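2 protein chains.
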Amino acid sequence: VSRLGPVAPRRSDTSVLRPLGLDEVVLRPGFWGERQRRNRTATLPHVRDRLEAAGNFANLRATAARDTSAAHRNMVFADSDVYKWLEGVAWEQGRDPAPELADDLRTVTHLLRTAQDDDGYLDTAFQLGAPGRRWTDLQFGHELYCLGHLSQAAVADVRATGGTGLLDVARRFADLAVDVFGPGWREGVPGHPEVETALVELYRTTGDERYLELAVLFLDRRGRGRLGPGRFGSAYYQDDRPVREHRAMVGHVVRALYLATGMVDGYAETGDRSLLDAVVAQWDATLGTKTYVTGGQGSRHLDESFGAEYELPPDRAYAETCAGIAAVLLTWRLLLATGLGRYADDMERALFNVVAASTADDGRHFFYVNTLQRRGPGPGRPAWFECACCPPNLLRLLASLQAYVATRDGDGVQLHHYTAATVDTTLPEGRPVGLTIDTDYPAGGRVRVRIDRTGNAPWSLALRVPGWAAAGTLTAGGRTGPAVADERGYAVLTRAWRPGDEVVLDLDLAPRVLWPHPRIDAVRGCAAFARGPVVYCLEQVDQPPGADLADVAVTADVAPKPGHRDGLDVLELDGTVRTPAGWDGRAYATRPPGAPAEREVRLLAVPYHAWANREVGAMRVWVPVRR
Amino acid sequence: VSRLGPVAPRRSDTSVLRPLGLDEVVLRPGFWGERQRRNRTATLPHVRDRLEAAGNFANLRATAARDTSAAHRNMVFADSDVYKWLEGVAWEQGRDPAPELADDLRTVTHLLRTAQDDDGYLDTAFQLGAPGRRWTDLQFGHELYCLGHLSQAAVADVRATGGTGLLDVARRFADLAVDVFGPGWREGVPGHPEVETALVELYRTTGDERYLELAVLFLDRRGRGRLGPGRFGSAYYQDDRPVREHRAMVGHVVRALYLATGMVDGYAETGDRSLLDAVVAQWDATLGTKTYVTGGQGSRHLDESFGAEYELPPDRAYAETCAGIAAVLLTWRLLLATGLGRYADDMERALFNVVAASTADDGRHFFYVNTLQRRGPGPGRPAWFECACCPPNLLRLLASLQAYVATRDGDGVQLHHYTAATVDTTLPEGRPVGLTIDTDYPAGGRVRVRIDRTGNAPWSLALRVPGWAAAGTLTAGGRTGPAVADERGYAVLTRAWRPGDEVVLDLDLAPRVLWPHPRIDAVRGCAAFARGPVVYCLEQVDQPPGADLADVAVTADVAPKPGHRDGLDVLELDGTVRTPAGWDGRAYATRPPGAPAEREVRLLAVPYHAWANREVGAMRVWVPVRR
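These protein sequences, in sequence, are chains A and B.
Counting along the first sequence from 1, when you hit position 584 you're at 575 in our numbering, and nothing is skipped either side.
Counting along the second sequence from 1, when you hit position 157 you're at 148 in our numbering, and nothing is skipped either side.
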């Protein structure tokens, strides 16, 4: 029996697809395989060092030592960053064990057990920083949020390593939460959703239905103004209306997405279809009106929120890294529940253009905010943050990324994300399937799948045909035809396979020009560029002399030409530099400005995920179109 | 001898123009006269009630009673809102005395004297809320900011009513500040500039040079990172570089503008031209790159700051009301120092399109943020704010607004702002000048000036020819000619006037189409509309059925036609409604969207300052131009 990965539904009747086991997919060198390796070698120790330096471990040690003189350091949710790191350590220990990871798991589990109060309570922000004030600030106290991340780390440890020490700690805290907030007790809801999805996973791991019940209770209670208006209003924490009644998502983006994640998990275990239906509709509306072309979400810095519909300023894009991660977690659940490839498309966009963009080439610097426009030189990716939610969140996602690549169902295997990998799983009735996937995607559009292991009975190989792909071909058994997607978005081949059989999917990676909905005021008259799933951007460093990014435009019939430079896939664009003339320092003029001096130039775009790895200067995803 | 108004330079060699006395100008019914009256009858009592309800007075009473059990209520700078109200009361008591205003002045002065510590310290946020922690938080503690507003209230009281009780309180606190921060003592600077301009005024009122010295010291010390990076970086409080070395203004807008105000005041009393030169250059650059078409400033909600150059999103405009007030205070000082009408133009724009726009018709509701675009229904002007800086700031400005209308110099009188008023002043050598100004400006462009009182010697009447006015005529002595501005921007008539003489200025109020600099990404392809100094906007309530403001455009040759509706001056615009077609809920498309279904409509624009007084729905200042 293979080990479960993140998101492992118990019920089989509520999900179209089943996740593969944690060890059933291995990423090989390629876009994501290399990032998973860098995550292990660079990000993982970096996060550990930074948590040490920032005092997150010190909080736990002081609490464990019952040192009442110690002050709590760092944000109120500092413990959760330790838990996300710990979750990453657990996944890595399962994926590629090492003594120092085992040590970390053992040591920190012991530390947590010692820091935990006798009744199960564990939150150093309150134990150290505000003793006697437990559960007094559900809005911003983040105790249930911390319980959620603790539970997810514990679940990861059980699934990846079989260790149960952390699970004991998490259950004791979760049991306390059941006592405090369970049916008939305090009608509280957490200010920052996260515990809902975590409690469902805790239920999946333990079989204890009280956890599922509490998760559903938190969902059902929400949206009745119990949290009060707070500084930003009830919508900030999705407490303005019941979870099933929202249209597009509102408020703090990460809160909204984690909440939706919990809703899909709640559906998966209760079968309450209204939860899934609500999320499907909300996600649709959010994609159509509140999502950047990169897949990033959140256009307001002040409250880290979705803005109004069509409020998508590129320069003030917030598009938090954690929101991108949350979108991946949500769309994966939607994909499992529905089997629809469109959710894998969304997931892919967020992976390539938010998750990948957030992290520097060295794996030790991170964007918290993933802007779509910079007007000049500025700070690049910092090594750490006062509010350090993003780096350990990236860590745990990349450490388990192989679990998000493929699925199975009764008929066969589905490949959702194309990256060099091997797949080794077993279909119902013990039918073995072994695959090797070779591809340099997204640099190239060719995906070669070799059948390494198979029984004699026919089974189906489903290959996602991305929504962005205008055309593709499929070659199998010596014959080539168009890659035609079924109603779910997959090209499906059902055969009695033989070891050594090969299927080749060729996706058309011709560059695409992207046009914004006319209601998106902030990028009116502009175009963006993509190739495959990768959105491109212009960085000042790549442009010809004199081509200030403030003044460039592309021609209306721009036909981006793919090329290579400095190890990057690039796009060449026919453009012009338009030097504003006759403005004399004014911002507004009373007659239509005269034709600017215009000069033709060849502009160069690079993948957005690669930006700010050389110089950090002006950058723009959206480029004005010359008319 | 007439009573001084706000901003009364002692030196005469540093200012081209001299302000008139507080009682030398009387506003009559008209745009501003009516607003000044409403300010007295509605805003003044409203602010008093709200300060009572919010606990601002309670803080003072508890401090006066040495009630150590009382908690400080409200923001750390709560006292300053009382001082701004008190300043407004003093100006009103000087303008139009009433027993209840005299009572308020007497009672609150006594309260402040009682609340003041023996050594002169007075700040209830620390006396009540953080005893023993005086001057420990210069970044955000606002003690010197409160001293500044206390001093301005005291100066107003002296000038308007001759009362010195409040001045005694202010001087004792200011003397303490001199002891703490004076030359050779603590090298501190205030996190929020304001005390600089106030100390100069305190010096002007008392003749005590230590106040001027401290003001200059605070200016000179600034910009060396003494405040630390704080949450938003040193630039947030203009502490990133010395005050003379900034290019365009940076950081928190109100801080930046108050600082500049203090710099011009510092120049006016020290003659240090480098201070004036720096502000002139900074203001120029700020107007050209960081100012909304309304004159509003500040494009970031998070830190209430100027954004980057050309970062001027209409939907997320911050354009704080207090920033508009500060711009008025700054440009008035620049006008006095230089005599250049262009600063009166800037001042006029901020007055009509920020100050006037901030306040509801009832004088009891206020915008804190003056956005240039709303996408749908939403909250209108609130009656009060947790951070309530704006309403009492409006109060004190409007209560003294007559002081900002005209000036004199050795040659005559200059009229800067056109509103129904009388002017009664005395030129050097005792030459009397009395004028009556009749106009319904900005509804009409005709300004009639009658000479009521004059000696026999010739003197000059200078009438500002606004920079926006393409044409104008001047009629005097039965002859009409073009209103030609001199190098300072004024049409100047020098005559031996006779009582009864009349001068008529006719300004061309033909509607204007305004075009944005091509670097202002957020409004690319859009136009705005103005008539005279008034910027217009489209409100959903005025548009024909089906003309959703999300989808309207004006034609490229749009020629706005002035008209009237519901008591408002309006502009009719030829436009279209373009219903986006074929988007199917998507935000981005891979081919240029097809021509939308388009329908011709007559759009209606109203003065921006009048918006949100009927329904509060969608609104936009910038309208896409159909191409």
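Where a beta carbon is used, it is the ideal one built from N, C-alpha and C, also for glycine.
Computed from a prediction, not measured in an experiment: that's the story for all the values here.
Given a limit of 9 angstroms on CB to CB distance, which residues of the region 560 to 590 of chain B reach chain D?
Given the protein chain composition of this structure (A and B), no chain D is represented.
Find the nearest neighbour of residue 264 of chain B within the set B:354, B:224 and B:328, judged by alpha-carbon distance.
B:328
If you follow the beta strand (DSSP E) that residue 181 of chain A is in, where does it begin and where does it stop?
Where residue 181 of chain A is concerned, there is no enclosing beta strand (DSSP E), given that its DSSP letter is neither H nor E.
For residue 256 of chain A versus residue 307 of chain A, is the C-beta distance shorter than 8 angstroms?
No, these two residues do not count as a Cβ contact at 8 angstroms.
Determine, for residue 480 of chain B, whether the minimum Cβ-Cβ distance to residues of chain A falls below 8 angstroms.
No, residue 480 of chain B lies away from the interface with chain A (no Cβ there is under 8 angstroms from its Cβ).
Count the other C-beta atoms from every protein chain shown that fall within 10 angstroms of the C-beta of residue 581 of chain A, then say buried if there are 16 or more, exposed otherwise.
exposed
I'd like the span of the beta strand (DSSP E) that includes residue 405 of chain A, first residue to last.
403 to 406
Buried or exposed: where does residue 43 of chain A fall if 16 or more other Cβ atoms within 10 Å of its Cβ makes it buried?
exposed
Could you compute how far the alpha carbon of residue 440 of chain A sits from the alpha carbon of residue 220 of chain B?
54 angstroms
Restricting to Cα atoms, I'd like to know which of A:510, A:245 and A:392 is closest to residue 28 of chain A.
A:392
To which residues does DSSP link residue 546 of chain B through a beta bridge?
B:617
What do you reckon, are the CB atoms on residue 309 of chain B and residue 346 of chain B nearer than 8 angstroms?
Contact check for residue 309 of chain B against residue 346 of chain B fails: the beta carbons are separated by 8 angstroms or more.
Assuming residue 96 of chain A contacts residue 81 of chain A under a Cβ cut-off of 8 angstroms, what Cβ separation, rounded to an integer in Å, is found between them?
6 angstroms
Let me know if residue 461 of chain B comes out buried or exposed under the rule of 16 or more other beta-carbons within 10 Å of its beta-carbon.
Exposed: under 16 other Cβ atoms inside 10 Å.
So with Cβ pairs under 8 angstroms, would you call residue 508 of chain A a contact of chain B?
The Cβ of residue 508 of chain A sits closer than 8 angstroms to at least one Cβ of chain B.
Given a cut-off of 8 angstroms on the beta-carbon distance, is the pair residue 6 of chain A and residue 0 of chain A in contact?
yes
Any beta carbon from chain A within less than 8 angstroms of residue 304 of chain B's own beta carbon?
yes
Are residue 238 of chain B and residue 276 of chain B closer than 8 angstroms when you measure CB to CB?
Cβ distance < 8 angstroms, so residue 238 of chain B and residue 276 of chain B count as in contact.
With distance defined between alpha-carbon atoms, name the residue in B:560, B:343, B:455 and B:35 nearest to residue 480 of chain B.
B:455
Report the residue ranges of all alpha helix (DSSP H) runs contained in full by the region 92 to 172 of chain A; include only those spanning at least 4 residues, in chain order.
115 to 118, 134 to 152 and 156 to 172
By a C-beta neighbour count over all protein chains shown, 10 Å radius and 16 as the cutoff for buried, is residue 575 of chain B buried or exposed?
exposed
Can you grab the Cα-Cα spacing for the pair residue 565 of chain A / residue 613 of chain A, in whole Å?
For residue 565 of chain A and residue 613 of chain A, the distance between alpha carbons rounds to 15 angstroms.
To the nearest angstrom, how far is the alpha carbon of residue 505 of chain B from that of residue 520 of chain B?
6 angstroms
Taking beta-carbon pairs under 9 angstroms, can you tell me which members of the region 290 to 315 of chain A lie near chain B?
290, 291, 292, 293, 294, 298, 299, 300, 301, 302, 303, 304, 305, 306 and 307
Taking all protein chains shown into account, decide if residue 436 of chain A is buried (16 or more other Cβ within 10 angstroms of its Cβ) or exposed.
buried
Here's the rule I'm using: 16 or more other beta-carbon atoms within 10 Å means buried, otherwise exposed. How should residue 588 of chain B be labelled?
exposed
Among all the DSSP beta bridges, which residues are the ones paired with residue 610 of chain B?
B:365 and B:530
Just to confirm before moving on: does the CB-CB distance between residue 374 of chain A and residue 355 of chain A stay below 8 angstroms?
With a cutoff of 8 angstroms on beta-carbon distance, residue 374 of chain A and residue 355 of chain A are scored as near each other.
Taking the alpha-carbon of residue 148 of chain A as reference, which of A:183, A:78 and A:92 has the nearest alpha-carbon?
Residue 148 of chain A has its Cα closest to that of A:78, out of A:183, A:78 and A:92.
Have a look at residue 385 of chain B and residue 316 of chain B and give me their C-alpha separation to the nearest angstrom.
7 angstroms
Excluding the 5 residues flanking residue 616 of chain A on each side, which residues of the same chain have their C-beta closer than 7 angstroms to its C-beta?
Excluding sequence positions up to five before and after residue 616 of chain A, its CB lies within less than 7 angstroms of the CB of 516, 517, 518, 544, 545 and 547, all in the same chain and listed in chain order.
Between residue 157 of chain A and residue 145 of chain A, is the Cβ-Cβ spacing less than 8 angstroms?
Contact: yes.
Starting from residue 274 of chain B, trace the beta strand (DSSP E) in both directions and tell me its first and last residue.
First-last for residue 274 of chain B: 264 to 280, but that is the alpha helix (DSSP H), not the beta strand (DSSP E).
For residue 555 of chain B, does the three-state DSSP call read helix, strand or coil?
strand
Determine, for residue 177 of chain B, whether the minimum Cβ-Cβ distance to residues of chain A falls below 8 angstroms.
no
Under 8 angstroms by Cβ, that's how I've got residue 18 of chain A and residue 410 of chain A pegged, so tell me the actual separation to the nearest angstrom.
6 angstroms
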